[in-house]
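Written below as structure tokens is the structure these notes are about.
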Amino acid sequence: MRAGKSASALGIKTPPQQVILYVGAIRPVWLSRRRRARQFEETALPHLADVYRFARQLADEEQAQDLVQDTYLRAWKYFDSFQAGTNCRAWLFRILHNVWTDRFRQSRLELSLNEQSETAIEPYYDWEDEFMREELSAELEQALAQLPEAYRWAVLLADVEELSYQEIAQVMDCPIGTVMSRINRGRRTLARLLRATEQSEPQAEHKRSS
Numbered sequence: 000m001r002a003g004k005s006a007s008a009l010g011i012k013t014p015p016q017q018v019i020l021y022v023g024a025i026r027p028v029w030l031s032r033r034r035r036a037r038q039f040e041e042t043a044l045p046h047l048a049d050v051y052r053f054a055r056q057l058a059d060e061e062q063a064q065d066l067v068q069d070t071y072l073r074a075w076k077y078f079d080s081f082q083a084g085t086n087c088r089a090w091l092f093r094i095l096h097n098v099w100t101d102r103f104r105q106s107r108l109e110l111s112l113n114e115q116s117e118t119a120i121e122p123y124y125d126w127e128d129e130f131m132r133e134e135l136s137a138e139l140e141q142a143l144a145q146l147p148e149a150y151r152w153a154v155l156l157a158d159v160e161e162l163s164y165q166e167i168a169q170v171m172d173c174p175i176g177t178v179m180s181r182i183n184r185g186r187r188t189l190a191r192l193l194r195a196t197e198q199s200e201p202q203a204e205h206k207r208s209s
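Reading the sequence shown from the start, the letters are residues 0 to 209 in numbering that gives the first Met the number 0.
Below, the structure is given as structure tokens:
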């Protein structure tokens, strides 16, 4: 399993000091069970930056900090359910998804009931160039923010975190066919939004120069 793109490549800062201090502050809670604590620190804590980076793509800094804190508290609480040798990043993303869903359930967008029927996958789009080019990062961030929640999750997990369809299905707790549909629709919508932005820029430049 390939690791997701680095935080620096995405133009997103590493976890703020408040998050790091918070996670450090709850260490005494798990020190009472040293073996479990050692396994948790070795398995889950190395992914803290990835979880924060992903949360930051979903919410503002304050909300992202809360999401990460709640995610790691739940991860510690249910760490006994984690299967050693499996993808801990994917497991943490699933917990983050549950935390996000619980917190923002009222504002979630309902998707079409027939989305599972669309399983022809849009060709993989390599977002790395866009993320690496600073002048496009703001445009890409704005386009991602306009995607329906489920599409945004699916696209980010597939194209940024590089999880498999099966892992994404586990994270989002939905069938693989639904994952494929959401990735497909999300990629198409994102590409359309980016093209619209590119087309609007020459017009705006022409108006300024005229």
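The beta carbon of each residue, even a glycine, is placed where N, CA and C say it ideally should be.
Proximity below 9 Å, CB of residue i to CB of residue j
{"i": "residue 185", "j": "residue 154", "result": "yes"}
{"i": "residue 42", "j": "residue 89", "result": "no"}
{"i": "residue 170", "j": "residue 92", "result": "yes"}
{"i": "residue 44", "j": "residue 67", "result": "no"}
{"i": "residue 157", "j": "residue 175", "result": "no"}
Closest residue to residue i among the options (Cα-Cα distance)
{"i": "residue 190", "options": "36, 138 and 54", "result": "138"}
{"i": "residue 38", "options": "65, 77 and 95", "result": "77"}
{"i": "residue 54", "options": "144, 81 and 194", "result": "144"}
{"i": "residue 72", "options": "62, 98 and 60", "result": "98"}
{"i": "residue 36", "options": "75, 177, 141 and 188", "result": "75"}
{"i": "residue 61", "options": "193, 16, 149 and 188", "result": "16"}
{"i": "residue 103", "options": "148, 164, 181 and 79", "result": "148"}
{"i": "residue 196", "options": "173, 166, 141 and 162", "result": "141"}
{"i": "residue 173", "options": "150, 193 and 187", "result": "150"}
{"i": "residue 211", "options": "34, 59 and 51", "result": "Summary: the structure shown does not reach residue 211, with the chain confined to residues 0 through 209, and so no result is reported for it."}
{"i": "residue 193", "options": "146, 95 and 168", "result": "146"}
{"i": "residue 178", "options": "70, 198 and 163", "result": "163"}
{"i": "residue 280", "options": "188, 95 and 85", "result": "Nothing in the structure corresponds to residue 280, since the chain is present only between 0 and 209."}
{"i": "residue 165", "options": "187, 101, 85 and 188", "result": "85"}
{"i": "residue 64", "options": "14, 87 and 81", "result": "14"}
Element boundaries [alpha helix (DSSP H), containing residue i]
{"i": "residue 51", "result": "47 to 57"}
{"i": "residue 74", "result": "60 to 76"}
{"i": "residue 85", "result": "Neither: residue 85 is in no alpha helix (DSSP H) and is coded neither H nor E."}
{"i": "residue 39", "result": "33 to 42"}
- Unbroken alpha helix (DSSP H) runs of length 4 or more, entirely within the stretch 148 to 207: which are they? 148 to 154 and 164 to 171
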